[in-house]
Amino acid sequence: MHTDLEHEQAVARLLRELPDPAAQPYGWQEFRRRAAAAPAAAARMGRLRALAVAIVVALAIGAAVIRLGGGPRPPGPPPRPVTAAGETPPPPAGGEPAERSQVEAERWLASLPREPTVVRVGTRAAVETLEDHIAEVDDLLSSERAGHTPAARVRALRQERAQLVSSLVQVRYAETLADASR
């Protein structure tokens with residue numbers, strides 16, 4: 010059992026172990042050493058602050074370059090033929106020039122990235138629907154060519170495919186313009 014006397018003795022012992030209040034925490038030599046070390050620490054902190062500022066400025070410049078056009082540019086519109094007078098001729102009625110413009114449109118589509126970085130559901134759904142219809146027409150064309158079908162049917166399928174590719178070019182071009190404006 011503890012008595013008040015034992016408790017008072019323990020407190021008295023702890024009080025005697027405390028340092029002398031008149032004693033100095035450290036001497037003159039230690040004071041001079043600490044005073045000499047303070048400017049070196051301040052200089053080190055100044056260098057660290059300068060390094061941090063340089064990193065922040067470099068990151069800000071990098072972000073500005075990326076945001077304001079330092080990245081890849083969207084492809085331009087599909088190539089259009091130009092006459093000697095500098096005018097754009099009307100779309101060809103059929104034959105070889107139509108096939109050439111069709112090939113150019115498909116080449117332009119192939120040069121685009123497969124899917125844009127930011128996808129809008131409405132335009133993406135339209136692109137995928139058009140691509141699916143083009144694939145269906147391609148399948149029909151393949152099967153029609155393998156069989157003995159009238160040339161009029163093959164011509165109609167080619168014309169439908171050309172219209173679908175033209176629509177796809179317009180949608181993808183609008184998509185690239187919208188991406189470039191962000």
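Just add 9 to wherever you are in the sequence shown, counting from 1, and you've got the numbering used here. In this text, a Cβ means the ideal position worked out from N, Cα and C, and glycines have one as well. Keep in mind that this is a model prediction, so the values were computed, not measured.
Task: Assigned exposure category for E39 - 16 Cβ within 10 Å defines buried - done: exposed
- [ ] Would you identify the three-state DSSP class for S190, choosing helix, strand or coil?
- [x] coil
- [ ] Label A102 either buried or exposed according to how many other C-beta atoms from any shown protein chain fall within 10 Å of its C-beta, with 16 as the threshold for buried.
- [x] Bear in mind that the predicted position of A102 carries a pLDDT of just 47, short of 50, making it unreliable; the figure below should be weighed with that in mind. Per the 10 Å Cβ criterion, exposed.
Open item on the list: Assuming contact is defined by CB atoms lying nearer than 8 Å, are V146 and R181 in contact in what I supplied?
Closed with: no
Task: Rounded separation between S110 and R116 - CA only - done: 10 Å
Open item on the list: Could you compute how far the alpha carbon of L166 sits from the alpha carbon of S152?
Closed with: 11 Å
TODO: Just mark L68 as buried or exposed, buried being the case when its beta carbon has 16 or more other beta carbons within 10 Å.
DONE: exposed
- [ ] Take S176 as the anchor and find which of T12, V62, H16, T138 has the nearest alpha-carbon.
- [x] T138
Task: Of the listed residues R41, Q33, L121, D148, nearest to V136 (C-alpha basis) - done: L121
TODO: Find out if the Cβ-Cβ distance for the pair A114, V174 is shorter than 8 Å.
DONE: yes
Open item on the list: Quick check on V178: buried or exposed, where buried means 16 or more other Cβ atoms within 10 Å of its Cβ?
Closed with: buried
Task: Buried versus exposed call for E184 [16 or more other C-beta atoms within 10 Å across all chains shown] - done: buried
- [ ] Compute the Euclidean distance between the alpha carbons of A44 and R53, then round it to the nearest angstrom.
- [x] 15 Å
TODO: Could you round the C-beta distance between V163 and L150 to whole angstroms and report it? I think they count as a contact, below 8 Å.
DONE: 7 Å
Open item on the list: Going by DSSP in three states, A183 sits in which element: helix, strand or coil?
Closed with: helix
- [ ] Report the rounded CA-to-CA distance for A73 versus R133, giving the unit in angstroms.
- [x] 28 Å
Task: Through-space distance from A61 to R41, alpha-carbon basis - done: 31 Å
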